[in-house]
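K.L.:
This structure is in structure tokens; I'll ask about it shortly.
2 protein chains.
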Amino acid sequence: MIIDCHGHYTTAPPALEQWRKRQIAGISDPSLMPARSDLTITDDQLRESIEVNQLALMKKRGIDLVIFSPRASFMAHHIGDFAVSSAWAAICNELCFRITQLFPRHFAGAAMLPQSPGVDPRTCIPELDKCVNEYGFVGINLNPDPSGGHWTSPPLSDRHWYPLYERMVEHDIPAMIHVSTSCNACFHTTGAHYLNADTTAFMQCLTSTLFKDFPTLRFLIPHGGGAVPYHWGRFRGLAQDMKTPPLTEHLLKNIFFDTCVYHQPGIDLLTRVMPVENILFGSEMIGAVRGIDPETGYGYDDTKRYIEQTPHLTAAARQMVYETNARRVFPRLDAALSARHD
Amino acid sequence: MIIDCHGHYTTAPPALEQWRKRQIAGISDPSLMPARSDLTITDDQLRESIEVNQLALMKKRGIDLVIFSPRASFMAHHIGDFAVSSAWAAICNELCFRITQLFPRHFAGAAMLPQSPGVDPRTCIPELDKCVNEYGFVGINLNPDPSGGHWTSPPLSDRHWYPLYERMVEHDIPAMIHVSTSCNACFHTTGAHYLNADTTAFMQCLTSTLFKDFPTLRFLIPHGGGAVPYHWGRFRGLAQDMKTPPLTEHLLKNIFFDTCVYHQPGIDLLTRVMPVENILFGSEMIGAVRGIDPETGYGYDDTKRYIEQTPHLTAAARQMVYETNARRVFPRLDAALSARHD
């Protein structure tokens, strides 16, 4: 079984974006604020948005199941206040839930949270609980920078975030650490902000004792860990200077990396440097990079091809990357799959 | 000849830091502000600070010459105003100049600029001119984020920076794009902020037509280009989606990467992915990572060893990385070396 741990609903029917635009207009003029009931998307529309997109690619590429969350760049937690984020997250999560109901063999849900800059993350817990308890979601996306590129929240190691971690541990769900659109002109969203956030999050953990406080907390750092594997010697050296325990012990029981690295040399490096236990197959298909690589003739985001071709994974190791690791990091997914004998 | 394009004066006599502390105290209490003449460092002190440190390592590792600039993390442009940065840059540059005079065969100078958040970069030109015209410096370090992790300046592609670029082009000097200490708690200085800035700068160039306006402008992106080579497929794909010219044409005539990547797999990736013309040997020795890698028994920052061992460089290509590329990117260095028949 091949599990893609990193998929977003980037192909939602246009009505969703239209509703969001009206919501944003409603922030400055409350008379324009739409009701949740103003958004109608039929099951047929949902089905079609998936069948010709993600599902078609999954069949073509041989991917069985995607851990599916709302579109990352559309989370835009910096827009409006908690009420705005709350209504928006509820709608986006519900759509992903409906996708998991329409295609139960192919999609498992992960929640976006109704984060808002300066607002206590504790306020996200009701949405999180609903997504886990009622929707059967298996993970969440946690934005370490709800300000969208201004980095005004405390580091992930700060107690600010602890109420969320406590609930994650209770539910036994991991978080993918994923920022959203940058509203800082310095940072291109998918070319800089995403990768920077990955590196930043890793370093925030490295300089802390977060995983002493939460030994079972698990973070999935997307986009192949940002700059981390490429600079693994730097991080090992910094950790050594700081006299932390070795990184395998200090961080790698709790931090995992996906394979959203869009060329063969990158995946070769990732699989050479990182313990195979820490690598989860992911593609973020129909995401940041949608073109065909002229050097290969295949989609940049067809990361399964790179996994197949890296010289650093045995067949058994590949199986860990494709399935076993995801089932270990997402135990609720494992339970659901086991219950249906997958 | 082996030229290390990335060295900072990290081993200055303690009197320098003491003066800086007094200067910082003087920001809030002008009666404490030291005069420049309050700092006395003798040639013997300078000589000793180099001989047992950089020069000893250069001899041990077989490095002939270092392009040497003030300590990056101490630039701290976010502290004080332009007058504070100006006095501090003048002192730091002068010390580097004296090092180049004491060890003319081993060090060439690169200037820090008296940048200050919110201040027109044009104000840096007099210091730049002095360093080039009077000190014979061959390059500058340009901080894309003088705020120290708050990223309040416009992107490098903005006209805000153009007066500096015009002067760089006149002098035919490149800039290393190098941030300084982060005062944003989210970003660890050497583990996150430095690498993020490298990636950010590259993407700022990618999304602009900067090098159409300045076809001979040259940027050296340190730390192996941050996350860029590891995610080269992502950047190629993003550029393709944006319909820029191919990156070789759009950016790689103007952007170069150093080899400050502190393990073999990273250098293997860099030398596999990037055209050899774009790679300049650098180590940032006695910098961010000073320990011995237990996996090799050698310093993490002994990057020459990785260059020697990568399978992706022929002897001729290695020579480009060690010397030819640096002499092309730093024509004033080439002229100085040629004048003395090096």
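Residue numbers (the numbering used here), protein chains in the order written: chain A, 1 to 342; chain B, 1001 to 1342.
Glycine included, every Cβ here is placed at the ideal spot set by N, Cα and C.
Predicted, not measured: the structure shown is a model, and the values here were computed from it.
#1: Does D1004 (chain B) get closer than 9 Å to chain A when you measure Cβ to Cβ?
#2: In chain order, what residues of the same chain lie with their CB nearer than 6 Å to the CB of I3 (chain A), ignoring the 5 residues before and after it?
#3: Going along the chain, which residues of its own chain have a beta-carbon closer than 8 Å to the beta-carbon of L1313 (chain B), five neighbours each way excluded?
#4: The alpha helix (DSSP H) that contains L247 (chain A), what's its start and end?
#5: Between the Cα of L1164 (chain B) and the Cα atoms of B:D1342, B:H1150, B:T1010, B:F1219, which residue gives the shortest distance?
#6: Where does I1177 (chain B) fall in DSSP's three states?
#7: Should the segment 212–227 of chain A be regarded as contacting the segment 242–260 of chain A, the criterion being three or more beta carbon pairs within less than 8 Å?
#8: Answer yes or no: does any C-beta atom of chain B fall closer than 9 Å to that of H250 (chain A)?
#9: What does H1008 (chain B) pair with, by DSSP beta-bridge criteria?
#10: Could you work out which residues of chain A lie near D1293 (chain B), taking near to mean beta carbons separated by less than 9 Å?
#11: Whose C-beta lies closer than 8 Å to the C-beta of P346 (chain A) among residues of the same chain, with five residues either side of it excluded?
#12: Classify N1143 (chain B): buried if its beta carbon has 16 or more other beta carbons within 10 angstroms, exposed otherwise.
#13: Check whether the Cβ of F1272 (chain B) lies closer than 9 Å to any Cβ atom in chain A.
#14: Enumerate, from N- to C-terminal direction, the unbroken alpha helix (DSSP H) stretches of 4 or more residues contained entirely within the segment 1014–1038 of chain B.
#15: At what residue ranges does the segment 160–242 of chain A contain a whole run of the beta strand (DSSP E), taking only runs of 3 or more?
#16: Do you know whose CA, among A:S157, A:H341, A:C205, A:F281, lies nearest A317 (chain A)'s CA?
#17: Please classify D1302 (chain B) as buried or exposed, where buried requires at least 16 other C-beta atoms within 10 Å of its C-beta.
#18: Mind checking which residues open and close the beta strand (DSSP E) that includes N141 (chain A)?
#19: Within the 9 Å Cβ cut-off, does Y1230 (chain B) reach chain A?
#20: Compare the C-beta of A336 (chain A) with all C-beta atoms of chain B and state if any pair is closer than 9 Å.
#21: Just curious, the alpha helix (DSSP H) that I255 (chain A) is in, first and last residue?
#22: Determine which residues share a DSSP beta bridge with I279 (chain A) and list them.
#23: Under 9 Å, Cβ to Cβ, is there at least one residue of chain B near P154 (chain A)?
#24: Of all Cβ atoms in chain A, is any one closer than 9 Å to the Cβ of T1244 (chain B)?
#25: Straight-line CA distance for P265 (chain A) to Y300 (chain A)?
#26: Closer than 7 Å, Cβ to Cβ, to anything on chain A: give me those residues from the segment 1156–1190 of chain B, in chain order.
#27: Buried or exposed: R36 (chain A), going by 16 or more other Cβ atoms within 10 Å of its Cβ?
P.N.:
According to the structure shown:
#1: Taking the first residue of the second sequence as 1, we reach residue 1004 (chain B) at position 4. Chain A contact via Cβ: absent.
#2: Against the first sequence, residue 3 (chain A) aligns to sequence position 3. Excluding sequence neighbours, I3 (chain A) sits near L65, E323, A326.
#3: Along the second sequence, one-based indexing puts residue 1313 (chain B) at 313. Spatial neighbours of L1313 (chain B) in its own chain (CB-CB distance under 8 Å, excluding positions within 5 residues in sequence) are listed in chain order as T1271, V1276, I1307, V1321.
#4: Reading the first sequence from its first residue, position 247 is the one you call residue 247 (chain A). Note, L247 (chain A): alpha helix (DSSP H), 247–250.
#5: The residue you call residue 1164 (chain B) lines up with position 164 of the second sequence. Nearest option by C-alpha distance: B:F1219.
#6: Locating residue 1177 (chain B) in the second sequence gives position 177, where the first residue counts as 1. I1177 (chain B) falls in the strand class under three-state DSSP.
#7: yes
#8: Looking up residue 250 (chain A) in the first sequence gives position 250. By the rule that beta-carbons nearer than 9 Å mark a contact, H250 (chain A) does not touch chain B.
#9: Looking up residue 1008 (chain B) in the second sequence gives position 8. B:S1069, per the DSSP bridge assignment.
#10: Counting from one through the second sequence, the residue named residue 1293 (chain B) turns up at place 293. What D1293 (chain B) touches in chain A: G233, R236, G237, Q240.
#11: No answer is possible for residue 346 (chain A): the residues shown for chain A start at 1 and end at 342.
#12: If you number the second sequence from 1, residue 1143 (chain B) lands on position 143. N1143 (chain B) comes out buried.
#13: Residue 1272 (chain B) sits at position 272 when you count from the first residue of the second sequence. Position check: residue 1272 (chain B) holds Arg in this sequence, whereas Phe was assumed. Chain A, which has a Cβ nearer than 9 Å to the Cβ of R1272 (chain B), makes this yes.
#14: 1014–1028
#15: 175–177, 219–221
#16: The residue labelled residue 317 (chain A) in the question sits at position 317 within the first sequence. Of the candidates A:S157, A:H341, A:C205, A:F281, the one whose C-alpha sits nearest the C-alpha of A317 (chain A) is A:F281.
#17: One-based indexing of the second sequence puts residue 1302 (chain B) at position 302. Burial check for D1302 (chain B): the Cβ neighbour count within 10 Å reaches 16 or more, so the residue is buried.
#18: Taking the first sequence and counting its residues from 1, one reaches residue 141 (chain A) at position 141. Element bounds for N141 (chain A): 139–142.
#19: By one-based count along the second sequence, residue 1230 (chain B) stands at place 230. By this cut-off, Y1230 (chain B) is an interface position.
#20: Residue 336 (chain A) sits at position 336 when you count from the first residue of the first sequence. No, no contact with chain B.
#21: Residue mapping note: residue 255 (chain A) aligns to position 255 of the first sequence, counting from 1. I255 (chain A) -> not in any alpha helix (DSSP H); beta strand (DSSP E) instead, spanning 255–258.
#22: Position 279 of the first sequence, counted from the first residue, corresponds to residue 279 (chain A). I279 (chain A) pairs with A:F257.
#23: Start at 1 with the first residue of the first sequence, and residue 154 (chain A) comes out as number 154. Chain B contact via Cβ: present.
#24: The sequence position of residue 1244 (chain B) within the second sequence is 244, counting from 1. With 9 Å as the cut-off, T1244 (chain B) does not count as an interface residue toward chain A.
#25: In the first sequence, counting from the first residue as 1, residue 265 (chain A) sits at position 265. In the first sequence, counting from the first residue as 1, residue 300 (chain A) sits at position 300. The alpha-carbon of P265 (chain A) is positioned some 12 Å away from that of Y300 (chain A).
#26: N1184, A1185, C1186, F1187, H1188, T1190
#27: Locating residue 36 (chain A) in the first sequence gives position 36, where the first residue counts as 1. R36 (chain A) comes out exposed.
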